Amino acid sequence: MDNIQGLVDQAPELIMTYGLKVIFAILIFLIGKYFSNVVKKLTTKMLSNRKVDPTVTSFVANLAWAVVFVFTVIATLGQIGVQTASLVAVIGAAGLAVGLALQGSLSNFAAGVLMVLFRPCRVGDYIEAAGIAGTVDEITIFSTKLRTPDNKVIVAPNSAIMNGTITNYSAMDTRRVDMVIGVAYDADIKLTKKVLTDILDNNQYVLKDPAYTVALSELGASSINFVVRPWVKGADFWAAKFELTEQIKNALDANNIGIPYPQMDIHVKELPAAK
1 MDNIQGLVDQ APELIMTYGL KVIFAILIFL IGKYFSNVVK KLTTKMLSNR
51 KVDPTVTSFV ANLAWAVVFV FTVIATLGQI GVQTASLVAV IGAAGLAVGL
101 ALQGSLSNFA AGVLMVLFRP CRVGDYIEAA GIAGTVDEIT IFSTKLRTPD
151 NKVIVAPNSA IMNGTITNYS AMDTRRVDMV IGVAYDADIK LTKKVLTDIL
201 DNNQYVLKDP AYTVALSELG ASSINFVVRP WVKGADFWAA KFELTEQIKN
251 ALDANNIGIP YPQMDIHVKE LPAAK
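If you're matching positions, the sequence shown starts at 1 in the UniProt record's numbering and goes up one per residue.
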């Protein structure tokens, strides 16, 4: 009873002492979290005004946010009485174990640094990597955000992207549209070639330089196949491909050039009747 009474008597003093520490700790955390977001925005704005590459801007801004947030957590723990010096010593002593436990995160961080240094892709590029494809929206310290053409967001670890093959469809200013056009065996080859070249000469997306290619490439099983390979601007690739496909079909029909279906000739051999 005496102990309980003593605690009751000390309760106001304990509440004043530790309650204020908890309140100040919460304030420090909230202010630090807000300040980390401010630092991220200021870093982004400053680097953007200096015309720094968006990929580098995104990575550095996220790194600045992480540094400020870590200091905020340490300051919060110090306010509520945790010996931060001892905490840092313990973390240092357990560095090997922490490194092994977080080797995936560390490899993602290292991969993010390599992506910023060597720039295999940038924000706004359309890439294919790690079995996924999409436009790069953001490269953070641990992951890369891709946006698919149907507006889905894919978050992929940086290490998965850097450890595989990266196909960057936006790296070059121009792209070649590869098309194979099959026509019937009785079609006039010169006429067919002229129809195809006329379409490319008058298409709004096809570039004059580099020059396009139209050539008879294969005598197929049921058709003779022409390769049509115009060059277009990278941003116009799909629009050019769709428009050319439609124009070629209409032009072949207008010139009575058939596009055959797959077919097979079957020869039936009559055997003599059995005795």
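Glycine included, every Cβ here is placed at the ideal spot set by N, Cα and C.
Here the structure is a predicted model, which is why all the values come from computation and not from measurement.
Classification of residue i by the beta-carbon crowding that lies within 10 angstroms, buried from 16 upward
i: Ser-58; result: buried
i: Glu-218; result: exposed
i: Ala-130; result: buried
i: Ser-222; result: exposed
i: Thr-76; result: buried
i: Gln-204; result: exposed
i: Val-228; result: buried
i: Ile-127; result: buried
i: Ala-187; result: buried
For residue i: DSSP bridge partner residues
i: Ile-199; result: Paired residues: none, contrary to the question.
i: Ser-143; result: Pro-157
i: Phe-242; result: Answer is none; Phe-242 lacks a bridge partner.
i: Glu-138; result: Lys-145
i: Tyr-169; result: For Tyr-169, which the question treats as bridged, DSSP gives no partner whatsoever.
i: Asn-225; result: Gly-182, Glu-218
i: residue 297; result: Absent from the model: residue 297. The displayed extent of the chain is 1 to 275, so no value can be given.
i: Ala-129; result: Ile-132
i: Thr-213; result: Arg-229
Nonlocal neighbours in the same chain, by C-beta distance under 6 Å from residue i, ignoring five residues either side
i: Asn-225; result: Val-180, Gly-182, Ser-217, Glu-218
i: Leu-96; result: Model confidence at Leu-96 stands at a pLDDT of 49, short of 50, so the residue's coordinates are unreliable; what they give is reported in the following sentence. Hits under 6 Å: none found.
i: Thr-165; result: none
i: Val-98; result: The predicted model places Val-98 with a pLDDT of 49, which falls under 50 and marks its position as unreliable; any figure quoted below should be read in that light. Hits under 6 Å: none found.
i: Ala-184; result: Gly-258, Pro-260
i: Pro-120; result: Ile-166
i: residue 336; result: What is shown of the chain runs 1 to 275, which leaves residue 336 out entirely.
i: Ala-25; result: Thr-76, Gln-79, Ile-80
Residue i vs residue j beta-carbon contact at 9 Å
i: Ile-248; j: Val-206; result: no
i: Val-123; j: Pro-54; result: yes
i: Asn-158; j: Ile-139; result: yes
i: Leu-252; j: Thr-192; result: yes
i: Gly-32; j: Val-67; result: no
i: Thr-148; j: Met-115; result: no
i: Asp-125; j: Asn-62; result: no
i: Trp-65; j: Lys-40; result: yes
i: Pro-230; j: Leu-271; result: no
i: Ala-110; j: Ile-161; result: no
Own chain residues within Cβ distance below 7 Å of residue i, not counting five before or after
i: Val-60; result: Thr-43, Leu-47
i: Asn-108; result: Phe-142, Ser-143, Pro-157, Asn-158, Ser-159
i: Phe-29; result: Thr-72, Thr-76
i: residue 279; result: The requested residue 279 does not occur in the structure, where the chain is confined to residues 1 to 275.
i: Ile-132; result: Leu-146, Ile-154, Ala-156
Own chain, CB closer than 8 Å to residue i, minus 5 neighbours either side, in chain order
i: residue 280; result: Absent from the model: residue 280. The displayed extent of the chain is 1 to 275, so no value can be given.
i: Thr-245; result: Met-179
i: Val-56; result: Leu-47, Val-116
Do three or more CB pairs link the segment 235 to 248 to the segment 169 to 179 at distances below 8 Å? yes
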